[in-house]
Amino acid sequence: MYTYESFVTDGSFTLLQPVFYSFLLAAVLLLIFVLTSKARGISGTAVVFISLILIIISGQVLIFDAIIADELGLGGDGTASLLFLGIAVLSLVSPVLFFIRKKEG
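At the far end of the sequence shown sits residue 108, using our numbering, and the numbering has no gaps.
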């Protein structure tokens, strides 16, 4: 039906999954950086800002993913929703851990 079939897997729109994986990788790297570094390398404002940007942009991509899937008559992708939840959780945990570690040290 489509000229390029690789964005459809089992009737679900999966073209934007690599974007979610990239944001998840960024959230994991931020968490690792917060856990392994002393408070000297990055400020709390930067950690909060990066976390908010990750949540906001991945949320927008999730909404656009749903709109595109609806317009093409495809099913939604549950993996994208789970990836967004993972990004949100990691992005919320990073600033909390940063400020806890900063308070202790």
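Each residue gets a CB set at the ideal place from its N, CA and C atoms; glycine is no exception.
So which of Lys106, Leu100, Lys105 and Tyr24 has the shortest CA-CA distance to leucine 34? Ranking Lys106, Leu100, Lys105 and Tyr24 by Cα distance to leucine 34 puts Leu100 first.
Report, in whole angstroms, the separation of the C-beta atoms of serine 54 and leucine 95, which I expect to be a contact under 8 Å. About 7 Å; that satisfies the 8 Å criterion.
Could you work out which residue in Leu88, Ala83, Glu74 and Gly47 is closest to isoleucine 58 when comparing CA atoms only? Here the closest residue by C-alpha is Leu88.
Taking 7 Å as the limit between beta carbons, can you name the residues of its chain near serine 15, skipping five residues before and five after? The answer, listed in chain order, is Leu77, Gly78, Gly79 and Asp80.
Tell whether a beta-carbon distance below 9 Å holds between valine 31 and leucine 85. For valine 31 and leucine 85, no; Cβs fall outside 9 Å.
Between the beta-carbon of alanine 83 and the beta-carbon of aspartate 68, is there less than 9 Å? Yes, Cβ-Cβ distance for alanine 83 and aspartate 68 is below 9 Å.
Helix, strand or coil: how does DSSP classify glycine 81 here? Of the three classes helix, strand and coil, the one that applies to glycine 81 here is helix, per DSSP.
Spatial neighbours of valine 22 within its chain, please: C-beta separation below 7 Å, excluding the five flanking residues on both sides. Hits under 7 Å: Val64.
Mapping the DSSP letters down to three states, classify threonine 2 as helix, strand or coil. Residue 2 cannot be examined here, being either before or after the span of the chain that is shown, 4 to 108.
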